[in-house]
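Asks:
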Amino acid sequence: MDIKFTGSIDDQEHTQNFSVKIDQVTLRVSPSIIRLLSAVSAQFSEHQRKDQEAKSARAILREYQDYWKPRVIENDKYWWFQLGNDSVVEETAEEVAETTQIVINQKADFTIKQFIVTVEAGMKDFTRPMILLESAMLGSAKNWSTQLIAEAEARLQISYYNEAFNVWEPLIEPVLHQYEGWQSWRLTLKISSQLEEDTNSQQQRQGTSKSIKDKINQKKAVLPPKMALIFEAREMMNITVSKSFLLLVNQLSESFEKAAKQISPPKSRHLPGSSSYMLLNETGLEIKICNTSTLKASQKQTDLECNRGEYIPLELIENDNNNGSEKQLSAGNWQMKEDQRHVELQLKIEEPKTERIVNILRAEMQCIDLPKEADSGRKWALVVDTQLEDSRHLVVLRSPVNVINRMDMSVEFQSHKDLETTFCGVSAIDSRPLNIPLPQLYTPDGEFSIRPEGGIYDWSDLFSWHDFDNVKRKTVRCGKKGVEHEAIFIEMVVTEEKIRRGAKSLEYSIYTINLFPPIHFVNLLPLCLEIVEPIRREVTSGEGVDLYNLIAGMPFVLKLENGGEIYKMKMTIPEVGQRNDLTVIKLLSETSNKELCLGLNWSIEFLRTTLSLFTPYWMVNDTGKELIYQGPIEKSIQTTPQAHHLRASIFGQCCTSILPKSFTEGEKQAKHSEIKHLPNQNPIILPLNEEDFYEKKKAKLEFLILNGLQNFL
């Protein structure tokens, strides 16, 4: 959010100018935020309850020995009881009236270019906006010290997400202007005030003209207002409330109610014990922990071994020194540079033989260099990741590379060194990240291979984490054992993060490998469809499927039924650099030469490659009768006079595929292009032309109801 404020005050010219401009304000509300605020308010209310219990003592009447003795009253302290001098007040009032008022020119402007409020709901590992409020505000005020004149304007548009059809529908609909097109609904406010001289003169004029009427009716004359507020909306506000919106509001209210009752956030893992600090070793090295002046790992004065995958409780030592007692850790607001507190963790690493002391006071990640160099020339490094889990500190010792599995199958990892392979572990479904052990990470080439768990598929091609600086997205192939032409593909998306390296202000790159299916296909059509190639599967409306055997260069074929016709789509998956956000593709009918244009949307939101199939229009027949959509035919002159090309006009002139493209010269008159819509066939998609696919916002249709009724538009 950018806020720009400008102001000027000129005493010589008696002018005051102020301006406030705000670029964009975005406010997101989700159950996770409500859950966090609920936890914070619960903590505050708990402390208040303790303070009230401490202060609630039994009332005791105190004894004052000199309470009834008379005291001397100091008149200076009680000056408001003295009577004022009326003559002095009258003289000062006359002097104030004689002084001339200085005219000051004042002006102020206020603008919010865009104000967005989204109400989000949790969808597994990410949130999706369900209600969207878009607004813009601007206003101006003049001469607020003398005669106020102010104007303000607000624009408002509210939409909600319909999960049944996967579209955004308006709650407060936009307004169509003749020259400006579609705009948000506007509300204006005008404020004007009158001076006392103007009101007195107006009262005198009204008093002389209405004195006779007041005497007859015996009513008191109405005084003119000193300030007028005028709210005006030139366009009518159209509010559309549907069944889907009511269901959405009900679901959101339930999710927010559950979030408010759940005081603490959900735990990502269960930590044993109740100590404030816990240690977890995921490095694959033999590490021992020593007692320090701030942390106690063992009751004895011996080193404690930290085995892989075992939680080690650490006790915080309280003392009176400045090393960091628990009282000092919670007192004061410190800057990073000024904070000298520390909680020391001493590590003894067997191989390579070294000792390190780390400050784990803050929840952050930091890198520790080790005195060992791999055959590739890279120096070994250890990552100390301090996390907060349910108000407890979890210190994870791990490698600079970890793996997060976002698929519906577990994946095995192995490292390669010369001709030897070493198993690294399994990245399970919905589990915590898999940390690659340091001995398997720092190999001469840093090469790995993966495969799905179960032994059905072979190991993939080799890939190296040394290339992660340049390669952020890579797809590997895992062939099926015993079947030469069958395989699945796994897409690896690498994210890089810079962390602090040692005590100096240096940076070190750590990497996270996210495992995804190569393409996640989502059907945003209101119809069911069938994927024919590379697999055979039916996809319902709004459903998403993971396609593990579809990559760039391979054919993708699907079928769908619309209006009694079966359309077939056949395309070749483009390369990553050639995928446009929005692409129009034509579907051909299997029984005729009709065409149906639909939209394809490529997206890499949340790191996953998603392909969505959608259409901007569809029709629903709720009349209970058979409808026919028809449009006039437009003839175009061609170089060969033997043929006449026809264009149907259902959406203006964007439907080209309802009738055959040419008629023979012997035909004297062509029929209108027609699409029949039976009441039991809902919904149907109207064919659109590729040229106007991006620009169409409204549809004008002509309905022909059978059974002898008239046409209507």
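Position 546 of the sequence shown, counted from 1, bears residue number 546 in full-length UniProt numbering, the numbering being contiguous throughout.
Glycine included, C-beta positions come from ideal geometry on N, C-alpha and C.
Please read all numbers here as calculations on a predicted model, not as lab measurements.
1) Ordered along the chain, which non-local residues of its own chain (more than five positions away) have a Cβ less than 7 Å from that of R28?
2) Going by alpha carbons, who is nearest to residue 724 out of P683, E351, I22 and L171?
3) Report, in whole angstroms, the separation of the C-beta atoms of G624 and F614, which I expect to be a contact under 8 Å.
4) Tell me the rounded alpha-carbon separation between L156 and Q24.
5) Might you give, ordered along the chain, the residues of its own chain that have their beta carbon closer than 6 Å to the beta carbon of F18, omitting 5 neighbours on each side?
6) Ignore the nearest five residues each way along the sequence and tell me which others in L133's own chain have a CB closer than 6 Å to its CB.
7) As a quick exercise: from P517, F468, P439 and E484, pick the residue whose alpha carbon is nearest that of P452.
8) Taking all protein chains shown into account, do 16 or more other C-beta atoms lie within 10 angstroms of the C-beta of W182, making it buried, or fewer, making it exposed?
9) In whole angstroms, what separates the C-alpha of L611 from that of S603?
10) Can you list, in chain order, the stretches of the beta strand (DSSP E) that have 3 or more residues and sit fully within the region 490-576?
11) Inspect the beta-carbon positions of E491 and T475 and report whether they are closer than 8 Å.
12) Please name the residue, chosen from L550, Q387 and P400, that lies closest to residue 714 on a Cα-to-Cα basis.
13) Where does W618 sit, in a helix, a strand or coil, going by DSSP?
14) Given this structure, state the Cα-to-Cα distance separating R269 from Y311, to the nearest angstrom.
15) Counting along the chain, where does the alpha helix (DSSP H) carrying K261 start and finish?
16) Given a threshold of 16 other Cβ atoms within 10 Å of its Cβ, counted over all protein chains shown, does P174 qualify as buried or as exposed?
17) Straight-line CA distance for G284 to V358?
18) Using C-beta distances below 8 Å, list every residue in its chain close to K379, excluding the 5 sequence neighbours before and after it, in chain order.
19) So P452 is in the beta strand (DSSP E); what residue range does that whole segment cover?
20) Taking DSSP as the reference, what is the three-state secondary structure of Q366?
21) Taking F423 as the reference, give the member of E169, M409 and L438 with the closest Cα.
22) Just to confirm, is the Cβ distance from F463 to Y548 under 8 Å?
23) What residue from A136, A152 and S135 has the CA that sits closest to K142's CA?
24) Nearest to I34 by alpha carbon, out of E169, A260 and I172?
25) Would Q16 and I104 qualify as a contact pair, given that the criterion is a beta-carbon distance under 8 Å?
26) I want to see whether chain B comes within less than 8 Å of I551, judged by CB atoms only; does it?
27) Buried or exposed, going by whether 16 or more other CB atoms sit within 10 Å of the CB of T26?
28) Among the residues of its own chain, which have a CB less than 7 Å from the CB of D339, if the five just before and after it don't count?
29) Taking the C-alpha atoms as reference points, what is the distance between R186 and A233?
30) If you compare alpha carbons, which of K4, T609, Y161 and P31 is closest to residue 718?
31) Taking a contact to mean a Cβ-Cβ separation below 8 Å, would you say I585 touches M569 in this structure?
32) Using only the alpha-carbon positions, how far apart do I675 and W618 sit?
33) Would you call the region 444-459 in contact with the region 565-579, where contact means no fewer than 3 C-beta pairs closer than 8 Å?
34) Using the three-state DSSP reduction, which class does L361 fall into: helix, strand or coil?
35) Determine whether the beta carbon atoms of F110 and V20 lie at a separation below 8 Å.
36) Do you know offhand how far I3's Cα is from S30's?
Replies: By the coordinates alone:
1) T118 and E120
2) Outside the shown range of the chain, which is 1 to 713, sits residue 724, and nothing can be said about it.
3) That belief does not hold up - the Cβ atoms of G624 and F614 are roughly 29 Å apart, past 8 Å.
4) 15 Å
5) G7 and A108
6) V117 and I158
7) P517
8) exposed
9) 7 Å
10) 506-516, 519-523, 529-533, 537-539, 544-547, 555-562 and 565-572
11) yes
12) This structure cannot settle anything about residue 714, because the visible part of the chain is limited to 1 through 713.
13) coil
14) 12 Å
15) K243 to K261
16) buried
17) 19 Å
18) D369, L370, K372 and E373
19) E447 to P452
20) strand
21) L438
22) no
23) A152
24) A260
25) yes
26) The chain inventory of the structure shown lacks chain B, comprising one protein chain alone.
27) exposed
28) With a pLDDT of only 49 at D339, under 50, the local geometry of the prediction cannot be trusted, and no value is derived from it.
29) 6 Å
30) The chain is shown from 1 up to 713; residue 718 falls before or after that span and cannot be answered.
31) yes
32) 13 Å
33) no
34) coil
35) yes
36) 25 Å
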